[in-house]
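Worksheet: one structure, shown below.
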Amino acid sequence: MKQSNVTEKKTVSLVLGSGGARGLAHIGVIKWLEENNFEIKSIAGCSIGSLIGGVYAAGKLDQLENWMLSLNKMNIASLLDISWGSGGIFKGDKIINTLIGLLEDIQIENLSIPFTAVAADIVTEKEVWINTGSLFDAIRASISLPLFFTPVKYKGSLLIDGGVLNPVPIAPTFNDDTDLTIAVNLGGALLKAYNEAKKEVDVNKVGIKFQQGIKKFIQSFDKKDKEPRIKNWGMYDVADKAFDTMQSTIARLKIASYPPDVEIEIARNACGTLDFDRAAEMIKLGYKKAQLAFDLKSQIER
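Counting from 1 along the sequence shown, just add 12 to a position and that's the residue number in the working numbering.
Structure (structure tokens):
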């Protein structure tokens, strides 16, 4: 779609889904919207969507993007603070404190764009919409991926990643007075397997073993071995695959029940959950997918 010459912008309620490092595609989507005469008037985000959306609402997405683009696997490893017996492998404090130092915290009520972070109460099994208080407290609660990050205590509740219940949180935008609701679903149909194979080769060439012990992908197989390949997966692989599958299924149901005006879909194996060193690639992918989604919308409306 070519950039519109119309001066009046179309207003958007933007829904940013959960999906780990794939959520860097959200940055590309936002860039495309800004360049094509759309004005984002509200944001609902879950997990990585809450981080990207909240920082954008704070007017500091450029700073976050530049920082993300500078990360390599060793940088990422240095941000992971081991937790012992607290319901998760990592505490997550170091990441949040680093982001606060880089971007500064802000009260959600003071953001220039209405914002809601979605988390899940592990006790009551209900969604929790956070739209007041510290932005980074809300983000930390929303990104609490089970097994990986420790849960967060919030107003008497114990919160985990909102993707457990609603990976594409459209509901918080229901009462918005905007022209379009645009949802970015990071649980899209799988890409062909060769993309994953290529990624593993690239990582091995660099020689980085950051995810060893946390994330062990299948590297070699005996052709005569007829037992299921799953035996070569580590604990993290199984949990990560299960969570992605669950989120993808829930996302399809939610979108079918409450379809947005435009859905931008990112394949759930476009990159791994922890591949934040692939920021440039994912940002470009988000931009491209936004373009394709609106091209398709234009064709349907003709």
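Each residue gets a CB set at the ideal place from its N, CA and C atoms; glycine is no exception.
In this structure, DSSP gives ILE182 a state outside helix and strand, which the three-state scheme calls coil. In this structure, ILE278 places its C-beta atom within 8 Å of the C-beta atom of ASN197. Sequence-distant partners of LYS309 (beyond 5 residues in either direction) whose C-beta falls short of 7 Å from its own C-beta, in its chain, are VAL274.
Going by DSSP, THR110 is part of no beta strand (DSSP E) but of the alpha helix (DSSP H) stretching over 105-115. Within the segment 141-199, the complete beta strand (DSSP E) segments at least 3 residues long are 159-161, 164-166, 169-173, listed from N- to C-terminus.
For SER54, DSSP records a beta bridge to SER25.
For VAL176, same chain residues with a beta-carbon under 6 Å away, outside a window of 5 residues either side, are ALA132 in chain order. Judged by DSSP secondary structure, ILE312 falls within the alpha helix (DSSP H) whose first and last residues are 291-313. For VAL67, same chain residues with a beta-carbon under 7 Å away, outside a window of 5 residues either side, are LEU73, LEU76, LEU115 in chain order. For the pair TYR299 and LYS43, the CB atoms are nearer than the 8 Å cut-off.
Between the segment 48-58 and the segment 117-132 there are three or more inter-stretch CB-CB distances shorter than 8 Å, so the stretches are counted as touching. Under DSSP, the beta-bridge partners assigned to ASP133 are LYS138, LEU171. When secondary structure is reduced to three states using DSSP, GLU277 falls in the strand class. About 6 Å separates the beta carbon of PHE160 from that of GLY100, a gap short enough to meet the 8 Å contact definition.
Using a Cβ distance threshold of 8 Å, GLY61 and LEU28 count as a contacting pair. Beta bridge pairing from DSSP links ILE94 with PHE102. Per DSSP, the beta-bridge partners of GLN119 are SER146. Following the DSSP letters along the chain, one finds ALA37 inside the alpha helix (DSSP H) bounded by residues 37-47. The residue from ASP307, ASN178, GLU51, ILE118 with its alpha-carbon nearest to that of TRP141 is ASN178.
Apart from sequence neighbours up to five positions away, the residues of its chain that approach ALA201 with a beta-carbon distance below 7 Å are ALA279, ordered along the chain. Bounds of the alpha helix (DSSP H) holding LEU63 are 60-69. Excluding residues up to 5 positions away in sequence, ALA37, GLY40, ILE278, ALA282 lie with their Cβ nearer than 8 Å to the Cβ of LEU297 in the same chain.
Within a 10 Å sphere around the beta-carbon of LYS167 sit fewer than 16 other beta-carbons, which makes this residue exposed. Across the set ASN87, PRO272, ALA70, the C-alpha of PRO272 shows the shortest separation from the C-alpha of THR193. With distances taken between CA atoms, ASP252 lies nearest to GLY32 out of GLY174, GLY65, THR23, GLY32. Under the three-state reduction of DSSP output, THR128 falls in the strand class.
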